[in-house]
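Visitor:
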Amino acid sequence: MSQITETLTPTTHDLGQFKVRRVLPAKARSMVGPFIFVDQFGPAQLDLGSGMDVRPHPHINLATVTWLFEGAIDHRDSIGSFSTIRPGQVNLMTAGKGIVHSERSPEEERRAGPKLYGMQTWLALPDGREEIDPAFEAMKDLPVIEDGRAKAVVIMGELWGERAATTTYADTIYAEIVLEAGGAIPIEDEADERAVMLVGGEAELDGHKLDKFALNVLQPGRDMTLESKSGGRVMLLGGEAFETQRHAWWNFVSSSRDRIQQAKEDWREGRFADVPGDSEERIPLPDGAPKTVTYP
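212 is the number of the first residue of the sequence shown in the numbering used here; add one for each residue after it.
1. The alpha helix (DSSP H) with Ile247 in it runs from where to where?
2. Quick check: the Cα distance between Leu496 and Asp434, rounded to an integer number of angstroms?
3. Considering only C-alpha positions, which residue in the set Asp250, Gly449 and Phe347 is nearest to Val234?
4. Going by Cα to Cα distance, which pick from Ile494, Arg479 and Leu409 is closest to Val445?
5. Here's the rule: buried if 16 or more other CB atoms are within 10 angstroms of the residue's CB, otherwise exposed. What is Arg457?
6. Helix, strand or coil: how does DSSP classify Arg493 here?
7. Can you tell me where the beta strand (DSSP E) with Ile310 in it begins and where it stops?
8. Quick check on DSSP: helix, strand or coil for Pro507?
9. Rounded to the nearest angstrom, how far is the Cβ of Asp477 from that of Phe483, given a contact under 8 Å?
10. Grouping DSSP H, G and I as helix and E and B as strand, with all else coil, what is Ile520?
11. Assuming Gly253 contacts Gly324 (C-beta within less than 8 Å), just tell me the rounded distance between them.
12. Quick one: any contact between the stretch 224-233 and the stretch 428-442, if contact means 3 or more CB pairs under 8 Å?
13. Name the residue from Ser441, Val407, Leu416 and Ala395 whose alpha carbon lies nearest to the alpha carbon of Val428.
14. Helix, strand or coil for Trp371? Go by DSSP, reduced to three states.
15. Let me make sure I understand the geometry here. Which of Asp264, Ser313 and Asn272 has the alpha-carbon closest to that of Arg287?
16. Buried or exposed, going by whether 16 or more other CB atoms sit within 10 Å of the CB of Glu387?
17. Is the beta carbon of Gly394 less than 8 Å from the beta carbon of Ser439?
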């Protein structure tokens, strides 16, 4: 029996100086545990004086997780948070009942020619917690597991006997695994749903070669071994399977279609809060955006 039940190929968006690969949501599958949106970007070296500029935009009923392998991003949000995200630090922004944020390359990065290489994921908030107050945290003290030629950082949840202090709202696992040549690490079976993504180098799972940037959904309840002959970087993600469906439109995720409609009207009418320190024009509500998508 195959250890991989589904392989999802990302849709690649070429933004000029760097590429973004979106693997969730997909037609074949919309969630893995609480993860409802998975983007991988870079690696890229941007031109001197340029940078990434994501203008203020809103979210509801979800939490965003930013994790970098290279580079830096300035995060600002409407509850007054400011953080420069760097490798080894996880930024968790909880939208809850509503938040607005921007993401930009820091000035010192622009002067040097910014590097961009990392992951942007969204977690759906569970039933009864979708409308919690917005919050933000930046965690640097994360558990690191090292075993010979394998190293793993536990970003969220509990893995390999270590638990990250990062807040979780549903059972969640999230880790970065770096394998040197000949390195190997076990992939445990505790989570309801799990997936791995090769984001650099090469790796195999129980002898199955992983394609770069594809999301491989793993068979539940089975221990596996991840290994690399020449070195590789792999993301492991998953957690609790959601029993109730989620709807999504643009930057909004909710169990209620009416709540998404309300968020659309609130953004159009300027009822979301401003982002202190970022007075640039907000991203407008898109015209002709896809209809609301329902995630089982």
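Beta carbons: idealized from backbone N, C-alpha and C, even for Gly.
Guide: On the basis of the coordinates in this document:
1. Run containing Ile247: none in the alpha helix (DSSP H); it sits in the beta strand (DSSP E), Phe246 to Gln256.
2. 44 Å
3. Asp250
4. Leu409
5. buried
6. coil
7. Ile310 to Arg315
8. Bear in mind that the predicted position of Pro507 carries a pLDDT of just 37, short of 50, making it unreliable; the figure below should be weighed with that in mind. Of the three classes helix, strand and coil, the one that applies to Pro507 here is coil, per DSSP.
9. 6 Å
10. With the chain covering only 212 through 507, there is no way to say anything about residue 520.
11. That belief does not hold up - the Cβ atoms of Gly253 and Gly324 are roughly 13 Å apart, past 8 Å.
12. no
13. Val407
14. coil
15. Ser313
16. buried
17. yes
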